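In this text, residue positions in the sequence shown follow numbering that gives the first Met the number 0: the first is 0, and each later residue adds one. Yeah, the Cβ is synthetic: ideal placement off N, Cα and C, and Gly gets one too. Source: prediction; values computed, not measured.
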Amino acid sequence: MEILPTSFNTTQVSYVPHLLSYIFHISYISTLPPNFWVMKMRGRNYERFIELLTPPSDVKLLCYIFQLYEWGIKEFTKKDLNLCKNLEIWSIKHSLQRLQEKGFVKVRGIAKQPNSKMWMKVYELNEENEIVQKLLELFRVVVNGGENV
């Protein structure tokens, strides 16, 4: 067995893998160079994937829109989305705008509010968007407990 020093400098790379394998009983220590991820991620658009799932209010609102879609409600207004108890009205407004910018939701038209002179936008899920199709499929699998329907 190799005897390890009791105090070590982490810049001495030769001690760090031995210490980690000693402490965690790891048989494999990464041999990747320190700048491996920087080199691999350069020129790629990985941030776009992260932007799809942030902020959480967008994900919550998209989940609610998917629920409406599953219940057969294809068109909705901001007023319909205000019934979502998990989000504040202000969050719904801005999340809906961001989802529209991402191409997940599109404006179907405008309609007059009942008992009012005001007009409101009518939205629909952008079914033509491939990302929306995949997320809707994932939503169905998760909601159905792993059974793909």
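Starting from the Cα of residue i, find the closest Cα among the options and give me that residue.
i       : options                             : result
Phe-138 : Phe-65, Leu-95, Val-104 and Asn-128 : Phe-65
Ala-110 : Val-141, Glu-74, Cys-83 and Leu-52  : Glu-74
Give me, in chain order, the residues of the same chain whose beta-carbon lies closer than 7 Å to that of residue i; leave out the 5 immediate sequence neighbours on both sides.
i      : result
Ser-56 : Leu-86, Ser-90 and Ser-94
Tyr-63 : Leu-80 and Cys-83
I need the boundaries of the beta strand (DSSP E) containing residue i, first residue and last residue.
i       : result
Leu-124 : 118–124
Lys-105 : 104–111
Considering only residues of the same chain and omitting the five flanking positions on each side of residue i, which have a CB-CB separation below 6 Å?
i       : result
Gln-112 : Met-119
Can you name, in chain order, every residue of its own chain whose Cβ lies under 8 Å from the Cβ of residue i, other than the five neighbours on each side?
i      : result
Lys-77 : Ile-91, Lys-92, Leu-95, Met-119, Lys-120 and Tyr-122
Please state whether DSSP places residue i in a helix, a strand or coil.
i      : result
Lys-78 : helix
Lys-84 : coil
Leu-61 : helix
Glu-70 : The sequence given here has Trp at residue 70, not Glu. Note: Trp-70 maps to coil in three-state DSSP.
Would you kindly check if the distance between the Cβ of residue j and the Cβ of residue i is under 8 Å?
i       : j       : result
Asn-125 : Gly-108 : no
Leu-134 : Leu-98  : no
Ile-72  : Asn-81  : no
Need the endpoints of the alpha helix (DSSP H) that residue i sits in, please.
i       : result
Ile-49  : 45–51
Glu-129 : 129–142
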